[in-house]
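Chemist:
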Amino acid sequence: MPLFPSRKAISPEPRSPAASIVQVGPEHAGQRLDNFLLRLCKGVPKSHLYKAIRGGQVRVNKGRTSADYRLEEGDAVRIPPLRLPSPGEKPPVPKAAFPIVYEDDALLVIDKPSGVAVHGGSGVSFGVIEQLRASRPQGAFLELAHRLDRETSGLLLVGKTRKALLALHDMFREGAGRKHYLALVEGDWVNDRQHIRRPLLKWLTASGERRVKVDPQGKPAHTIVTLRQRYGRYSLVDAELRTGRTHQIRVHLRSEGFPIVGDDKYGNDATREYFARRGFGRMFLHAWRLDIPHPSTGGLLELRAELPQDCERLLAQLGEGDK
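For what it's worth, our numbering labels the leading residue of the sequence shown as 156, then goes sequentially.
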């Protein structure tokens with residue numbers, strides 16, 4: 156027997172795929188490195204990307220860096236070979252067409268339906284932004300400019316360039332735009348117009364679910380509520396956000412004793428179940444109006460999304476005396 160096995164008995168090592176170098180264009184200047192990689196390396200688990208960054212396998216201009224590094228135009232990003240998930244790990248994101256309210260080279264505005272998350276995470280594998288990207292593979296850049304709760308319908312802004320996205324973020328932060336929502340609440344709303352200024356604090360339930368409550372230790376929050384129509388034991392109100400806190404309208408209205416119909420976090424279970432049996436199985440909160448300066452030109456954009464048909468039908472029933 157030979158002392159060493161023949162070469163034919165040894166299986167050669169598979170050749171590893173080479174790393175790639177991607178140069179950052181102007182549309183991604185200012186974006187965080189981790190978000191850039193998540194967009195570029197579709198299907199790769201987040202944990203793999205962060206491990207590659209921490210381990211120095213991802214480099215920018217040949218140097219190690221952190222996940223929150225802000226990219227600059229011309230940066231050379233080294234992307235190592237990354238393992239894609241196995242076929243059973245995650246289903247592909249399905250394409251979806253959403254009603255377009257407005258679109259140009261800088262901005263896309265859609266009318267989001269209720270029940271659809273705006274992005275993946277927290278038990279949701281994909282949302283509106285992932286479906287938009289799947290439907291527009293040629294799009295170089297699509298990023299959410301703000302958020303809507305999953306059960307809230309209405310106007311949703313998406314930046315199509317990095318510059319436009321940052322301008323929209325600045326606008327919302329500085330309160331330059333006007334955001335109006337329509338909500339059907341329990342109770343006979345008294346004042347024609349009312350300012351609610353109550354600080355809001357985030358907290359977690361015992362099961363780890365995110366909640367918000369009125370608390371002196373919270374962040375300042377301001378909502379302007381205008382009565383639109385009375386329906387006996389219910390009222391349709393317009394809620395204008397002057398700040399943009401999580402669940403702000405829902406918690407502010409609840410704090411006044413007027414919870415939103417169908418709200419599964421801050422509303423009344425009996426009311427939600429009653430309307431669900433009658434065919435209305437969502438929260439009645441709709442982002443119907445946005446008046447904002449255009450992120451590129453500064454001109455006024457007056458965006459509108461009328462109430463969905465299920466909400467209109469419910470109001471018609473209430474108006475006919477179904478109270």
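Ideal placement from N, C-alpha and C gives every residue a C-beta, glycine not left out. Here the structure is a predicted model, which means the values were calculated and not measured.
Leaving out the 5 sequence neighbours to the left and right, which residues in its chain are closer than 6 Å to residue 469 when beta-carbon positions are compared?
Modeler: Excluding sequence positions up to five before and after residue 469, its CB lies within less than 6 Å of the CB of 435, all in the same chain and listed in chain order.
Chemist: Mind checking which residues open and close the beta strand (DSSP E) that includes residue 266?
Modeler: 262 to 267
Chemist: Have a look at residue 230 and residue 327 and give me their C-alpha separation to the nearest angstrom.
Modeler: Straight-line Cα distance between these residues: approximately 29 Å.
Chemist: Tell me whether residue 425 is buried or exposed, calling it buried when 16 or more other Cβ atoms sit within 10 Å of its Cβ.
Modeler: exposed
Chemist: Among the residues of its own chain, which have a CB less than 6 Å from the CB of residue 178, if the five just before and after it don't count?
Modeler: 231
Chemist: Does the distance from the CB of residue 357 to the CB of residue 396 come in under 8 Å?
Modeler: no
Chemist: Can you grab the Cα-Cα spacing for the pair residue 324 / residue 441, in whole Å?
Modeler: 21 Å
Chemist: Counting C-beta neighbours from all protein chains within 10 Å, is the total for residue 329 16 or more, i.e. buried, or is it exposed?
Modeler: exposed
Chemist: Specify whether the segment 381 to 389 and the segment 298 to 310 touch according to this definition: at least 3 beta carbon pairs, one from each stretch, less than 8 Å apart.
Modeler: no
Chemist: Taking DSSP as the reference, what is the three-state secondary structure of residue 448?
Modeler: For residue 448, the secondary structure class from DSSP, reduced to helix, strand or coil, is strand.
Chemist: Tell me the residue span of the beta strand (DSSP E) that contains residue 459.
Modeler: Residue 459 -> beta strand (DSSP E) spans 455 to 459.
Chemist: On the three-pair Cβ rule with 8 Å, is the segment 412 to 421 touching the segment 219 to 227?
Modeler: Counting Cβ pairs under 8 Å, fewer than three are found: no touch.
Chemist: What residue range is occupied by the uninterrupted alpha helix (DSSP H) comprising residue 426?
Modeler: 424 to 432
Chemist: So, does the segment 183 to 192 touch the segment 247 to 264, judging by three or more C-beta pairs under 8 Å?
Modeler: no
Chemist: By Cβ distance below 8 Å, which residues in the same chain neighbour residue 463 in space, the five residues on each side in sequence not counted?
Modeler: 268, 269, 308 and 441
Chemist: Would residue 233 and residue 184 qualify as a contact pair, given that the criterion is a beta-carbon distance under 8 Å?
Modeler: no
Chemist: Do residue 353 and residue 340 count as a contact pair if the criterion is CB distance below 8 Å?
Modeler: no
Chemist: Under a three-way DSSP split, which group does residue 177 fall into?
Modeler: It is a strand residue.
Chemist: Any idea what DSSP makes of residue 421, helix, strand or coil?
Modeler: coil
Chemist: Please report how far the alpha carbon of residue 351 lies from the alpha carbon of residue 393, in whole angstroms.
Modeler: Rounded to the nearest angstrom, the two C-alpha atoms are 13 Å apart.
Chemist: Taking the straight line between their C-alpha atoms, what separation do you get for residue 361 and residue 458?
Modeler: 40 Å
Chemist: Would residue 262 and residue 298 be called neighbours here (beta carbons separated by less than 8 Å)?
Modeler: no
Chemist: May I ask you to report which of helix, strand or coil DSSP gives residue 361?
Modeler: DSSP, reduced to helix, strand and coil, places residue 361 outside both helices and strands of the structure shown, so it counts as coil.
Chemist: Suppose only complete runs of 3+ residues qualify. What are the beta strand (DSSP E) ranges in the segment 373 to 397, listed by chain order?
Modeler: 377 to 386 and 389 to 396
Chemist: Thinking C-alpha only, which one of 210, 222, 211 and 264 is nearest residue 446?
Modeler: Out of 210, 222, 211 and 264, the CA that lies nearest to the CA of residue 446 is found in 264.
Chemist: Note the first and the last residue of the continuous beta strand (DSSP E) segment covering residue 237.
Modeler: Where residue 237 is concerned, there is no enclosing beta strand (DSSP E), given that its DSSP letter is neither H nor E.
Chemist: For residue 291 and residue 282, I'd like the C-alpha separation in whole angstroms.
Modeler: 14 Å
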